Amino acid sequence: MPLDRSERLGPYEIIAPVGAGGMGEVYKARDTRLNRTVAIKILPGGVDADPMLSQWFRREAQALAALNHPNICTEHDVGVEPRHLVMEYLHGETLAVRLSRGPLPMAEALDYGAAIADALDPAHRAGLVHRDVKPSNIILTEAGVKLVDFGLVRSTAPFPGHGEAEAVTTVPADLTAPGMVLGTLQYMAPEQINGTEADARTDIFSFGAVLYEMVTGVKPFSGKNSFSLMAAILEHDPPPMSARQPMTPAALDSLVAICLAKQPRNRWQNARDVTLQLEWIAQTSAATVSADRPAQSRGRLAWWVAAASVLALLAAGLSYLALASLRHAAEAIAFSITPPDQSVTRMPLDPFTTVSPDGRHIAFTVQREGDGGRLWV
């Protein structure tokens, strides 16, 4: 039965419902002792009395308590009437909501990817398999990425204080046993679809599908219905990310392809290796961009220097010509021309007066009394 606003669970005062799913209802609440906002996950109504589900709820609490990582939602408390978990309240949006607006910038996708893989690593080392890694179980907050909802987690190793024979699952055995299909289909590994045993490499496949979508904005596998989608996951490889996002580094293409290998033995064998690879790709990609920018700047500078040099030479040439013209003009010589004896000339009004091309001779006409005009040089 849904809880009402202001209803209390021990010291926790309900503020508002946040969401609900097959594994429980989540409420926003206030811790009246510490005056902080928390999230409370309550077992679905009608199943609290089931001993098997009650045991599963206790195991999930143990699983969360065993994990201490900045990218995993922190557990604060656990209650029994009704059975509930008290966790940190996360301010942000799910990765699914963010992806509805398109792919992430490459640097952001690499950063988030490394954080998610880093969160999976301690869970896997503790023997816990999430089994439902998907965008809606990843919260983007101001403090970073948070992996949430370990409701389908399966333990492959004993918790501290338990013997090997007492290794437990955080969901009932009949739900996590081989043959059961659990998870979200579009991010399921082939072994989940086939109902065979899941391990850490199952989460790595799902993680690869999430990273593929972060970079390209497109899910790696698609189908017209559930059957064709399952066939795509089981039988087909998705196009390389670089075919959909040309800026994808080749190393990232290779990393995701290995994550999405059909056979678990062909995938990355642990999340730590994936984290280290993503951090290396992020560093080398950033270094490449930084190296390209100075080279481009140097190229532009060289072009401007060359252009300025040419302009300077042209200006110098024009200045030289101008000065030469002024120098020649300043060397003009003044002289007088005396016409031949007993003759007259009409210079400079004589229209026939002409200066030779080298400026050394002048031709003009002269006249004598009783004689016609003559050309004189």
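Note that the numbering used here gives residue 164 to position 143 of the sequence shown, counting from 1, and the numbers run on in steps of one. Beta carbons are placed, not taken as given, at the ideal position from N, Cα and C, and that holds for glycine. For clarity, every value in this text was computed on a predicted model and none was experimentally measured.
Query: Assign A37 to one of three DSSP states: helix, strand, or coil.; Result: strand
Query: To the nearest angstrom, how far is the alpha carbon of P126 from that of D71?; Result: 46 Å
Query: When the Cα atoms are used, what is the spatial distance from E34 to K167?; Result: 24 Å
Query: What are the uninterrupted segments assigned as beta strand (DSSP E) that are 3 or more residues long and contained completely in the region 104-143, given in chain order?; Result: 104-109, 113-115
Query: Please list the segments of the alpha helix (DSSP H) lying wholly inside the region 264-297, counting only runs of 4 or more residues, in order along the chain.; Result: 271-280
Query: Excluding sequence positions up to five away, which residues of its chain have a Cβ less than 7 Å from the Cβ of L116?; Result: P156, I159, L161
Query: So what does DSSP say about V239, is it helix, strand or coil?; Result: coil
Query: Rounded to the nearest angstrom, what separates K283 and L141 at their Cα positions?; Result: 20 Å
Query: Sorted by chain position, which residues of the same chain lie with C-beta nearer than 6 Å to A135's C-beta, five sequence neighbours on each side aside?; Result: T296, L299, E300
Query: Taking the straight line between their C-alpha atoms, what separation do you get for D52 and N215?; Result: 43 Å
Query: Note down the Cα distance separating H97 from A130, rounded to an integer number of angstroms.; Result: 30 Å
Query: Taking 7 Å as the limit between beta carbons, can you name the residues of its chain near F226, skipping five residues before and five after?; Result: A210, C280, L281, R288
Query: Just to confirm before moving on: does the CB-CB distance between V154 and V231 stay below 9 Å?; Result: yes
Query: List the endpoints of the continuous alpha helix (DSSP H) containing L21.; Result: With the chain covering only 22 through 398, there is no way to say anything about residue 21.
Query: What's the gap between the Cα of V101 and the Cα of L64?; Result: 10 Å
Query: Specify, as a first and last residue, the run of the alpha helix (DSSP H) that I214 falls within.; Result: 211-214
Query: I need the straight-line Cα distance from D313 to S306, nearest angstrom please.; Result: Model confidence at D313 stands at a pLDDT of 48, short of 50, so the residue's coordinates are unreliable; what they give is reported in the following sentence. In a straight line, the C-alpha of D313 is about 11 Å away from that of S306.
Query: In whole angstroms, what is the alpha-carbon distance linking A84 and N291?; Result: 19 Å
Query: Determine the direct distance from the alpha carbon of D224 to that of V39, and round the result to whole angstroms.; Result: 26 Å
Query: Mapping DSSP to helix, strand and coil, what is R54?; Result: coil
Query: Taking 7 Å as the limit between beta carbons, can you name the residues of its chain near G229, skipping five residues before and five after?; Result: V277, C280, L281
Query: When burial is assigned at 16 or more other CB atoms within 10 Å of the CB, is T237 buried or exposed?; Result: buried
Query: Look at the Cβ atom of R152, then the Cβ atom of Q207, and state whether they are nearer than 9 Å.; Result: no
Query: Spatial neighbours of P124 within its chain, please: CB distance less than 7 Å, with the 5 preceding and 5 following residues excluded, ordered by chain position.; Result: M235, V236, T237, G238, Q266
Query: Just the Cα atoms here: how many angstroms apart are T269 and S263?; Result: 5 Å
Query: With a threshold of 6 Å on Cβ separation, who are the neighbours of D195 within its own chain once the five nearest residues in sequence on each side are excluded?; Result: Low confidence applies here, because D195 scores a pLDDT of 41, under 50, leaving its location unreliable and the question unanswered by this model.
Query: Which of the three DSSP states is assigned to H145 in this structure?; Result: helix
Query: Enumerate in chain order the residues of its own chain whose CB-to-CB distance from T58 is below 7 Å, with the five nearest sequence positions on each side excluded.; Result: K49, R51, Y110
Query: Within 10 Å of its beta-carbon, does L55 have 16 or more other beta-carbons around it, so buried, or fewer, so exposed?; Result: exposed
Query: Is F242 near P259, with beta carbons less than 9 Å apart?; Result: yes
Query: The beta strand (DSSP E) that contains H97, what's its start and end?; Result: 96-101
Query: What is the residue span of the beta strand (DSSP E) that V169 lies within?; Result: Premise fails: V169 is in no beta strand (DSSP E) and is neither H nor E.
Query: So, is H112 buried or exposed, given that buried needs 16 or more other C-beta atoms within 10 angstroms?; Result: exposed
Query: Cβ atoms of L30 and E46: under 9 Å apart, would you say?; Result: no
Query: I'd like to confirm the pairing. Which residues does DSSP put opposite Y48 in its beta bridges?; Result: P38, I61
Query: Determine the closest residue to V99 out of D294, R293, P32, with distance taken between C-alpha atoms.; Result: P32
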